[in-house]
Amino acid sequence: MQLRLDVKVMVKSNLKIKEPMYRKIVFSFILTIICSLLFMSCSKKNVTQYMTSREHFEYAMKFFNKKSYVKAADEFSLITYKFSGSDIADDAQYYLAECYFRQKDYVSASSEYDRLVSSFSRSEFVERAMYHLVICYNELSPGYALDQKFTYEAVEAVQNFVDLYPKSEKKSEVDSIYTTIKLKLAKKHFESANIYRKISEFEAAIVYYDQVIIDYYDSPFAGQARFWKGYCNFKIGEFQKATLILNKFISDYPQEKKLVTEAGNLLNKIKEKEEKEKNKKKT
Numbered sequence: 008m009q010l011r012l013d014v015k016v017m018v019k020s021n022l023k024i025k026e027p028m029y030r031k032i033v034f035s036f037i038l039t040i041i042c043s044l045l046f047m048s049c050s051k052k053n054v055t056q057y058m059t060s061r062e063h064f065e066y067a068m069k070f071f072n073k074k075s076y077v078k079a080a081d082e083f084s085l086i087t088y089k090f091s092g093s094d095i096a097d098d099a100q101y102y103l104a105e106c107y108f109r110q111k112d113y114v115s116a117s118s119e120y121d122r123l124v125s126s127f128s129r130s131e132f133v134e135r136a137m138y139h140l141v142i143c144y145n146e147l148s149p150g151y152a153l154d155q156k157f158t159y160e161a162v163e164a165v166q167n168f169v170d171l172y173p174k175s176e177k178k179s180e181v182d183s184i185y186t187t188i189k190l191k192l193a194k195k196h197f198e199s200a201n202i203y204r205k206i207s208e209f210e211a212a213i214v215y216y217d218q219v220i221i222d223y224y225d226s227p228f229a230g231q232a233r234f235w236k237g238y239c240n241f242k243i244g245e246f247q248k249a250t251l252i253l254n255k256f257i258s259d260y261p262q263e264k265k266l267v268t269e270a271g272n273l274l275n276k277i278k279e280k281e282e283k284e285k286n287k288k289k290t
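Sequential numbering of the sequence shown, starting at 8, is according to this note's numbering.
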């Protein structure tokens, strides 16, 4: 019995001795890791600390060319602040935007391209930046049923680009984008008008149909918008306006055979109503 007790006491005493040693080892290990990380962090900072603007730019370009866009963006961003007055500042600003663009972060990219255009208007990168602004806003533009903030931004970007660079090799591509986004906006207004018409809010519907007719007259929705505007005028008793609009629709859009027939029927109803009014006045 005594022997067993002695063994237990020895084991417990050994555990007590080893426990503080174990803690010291763990603490030393953690401290070593922390010191290593701090050293690595300081080393990274020291890499660019004494670089010239050109050297720092070339250092950032190495990451960019390796497609390490997150790291490259960090370096380009640092250059734009550290060397804001240097001849390399616009280069860094452009490639900062490119880093976001190539990661498909179009919100950040558009912000950085816009900063380049506004801050470095004489930079050789302005044309490319303005072209990429068109691409960014077009990519951000959602389906026609959603908010069209970025679609309007795209329209403005296209107009700015075409005004400044009417002979650019990118013009045909920009024009194609413009056609697509204008069609989306035309459909947005046309469908909004249809919603108001279907719930018998005819005056509100007329406002939206007018936008399609005036702003998107060359869209495939313009003819239908004209017919439905005439229909709404008819429904609210504006027979004179309805007659003018429907007659012009029949004249301008003979290919819309089904709607032309309906327009003729509406015009007949207007004539009948006007005849009844005349007869009432006679009696």
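Cβ atoms here follow ideal geometry from the backbone N, Cα and C, with glycine treated the same way. Please read these numbers as outputs of a predicted model, since none were measured by experiment.
- Spatial neighbours of I213 in its own chain (CB-CB distance under 6 angstroms, excluding positions within 5 residues in sequence) are listed in chain order as K236 and C239.
- Note that the C-beta distance between Y144 and F157 is below 9 angstroms.
- Look at the beta carbons and you see the stretch 194-212 not touching the stretch 174-183: under three pairs across the two are nearer than 8 angstroms.
- Of the residues assessed, I221 falls on the exposed side of the cut-off, its CB having fewer than 16 other CB atoms within 10 angstroms.
- In this structure, L140 sits near V124, with a CB-CB distance shorter than 9 angstroms.
- Take F83, set aside five residues on each side of it, and the residues of its chain with a beta-carbon closer than 7 angstroms to its own are A67, A99, Y102, L103 and C106, in chain order.
- Using a 10 angstroms sphere on the CB of Q231, the tally of other CB atoms reaches 16 or more, which defines it as buried.
- M58 sits in coil when the DSSP states are folded into three classes, being neither helix nor strand.
- A Cβ-Cβ contact shorter than 9 angstroms links I277 with A249.
- For R204, the enclosing alpha helix (DSSP H) has its first and last residue at K178 to K205.
- The three-state secondary structure of E131, taken from DSSP, is coil.
- Inclusion of Y215 and A200 in the CB contact set at 9 angstroms is warranted, their separation being smaller than that value.
- Contact annotation, I252 with R233: C-beta distance approximately 6 angstroms; criterion of less than 8 angstroms satisfied.
- The shortest C-alpha to C-alpha distance from D121 to any of V133, K255, L171 and R204 is the one to V133.
- Classified as exposed, L153 has fewer than 16 neighbouring CB atoms from the shown chains inside 10 Å of its CB.
- Closest in C-alpha terms to K189, from the list P227, D217 and A211, comes P227.
- When rounded, the separation of the alpha-carbon atoms in L85 and A161 is 29 angstroms.
- Scanning the stretch 227-253 from its first residue to its last, the whole alpha helix (DSSP H) runs of 4-plus residues come out as 229-242.
- About 5 angstroms separates the CB atoms of Y151 and K191; that is less than 8 angstroms, so the two are in contact.
- The closest CA to that of G244, considering only N167, T268, L273 and K264, is found on L273.
- Inclusion of R61 and I95 in the CB contact set at 9 angstroms is warranted, their separation being smaller than that value.
- For R129, the closest alpha carbon among the candidates Y113, F108 and L171 is that of L171.
- A straight-line Cα-Cα distance of about 34 angstroms links E119 and V219.
- When DSSP states are grouped into helix, strand and coil, E208 belongs to the coil group.
- Ranked by Cα distance from A270, the first of E284, K255 and E282 is K255.
- Counting only the Cα atoms, F241 lies some 14 angstroms from A211.
- With at least 16 other beta carbons inside 10 angstroms of its own, Y185 counts as buried.
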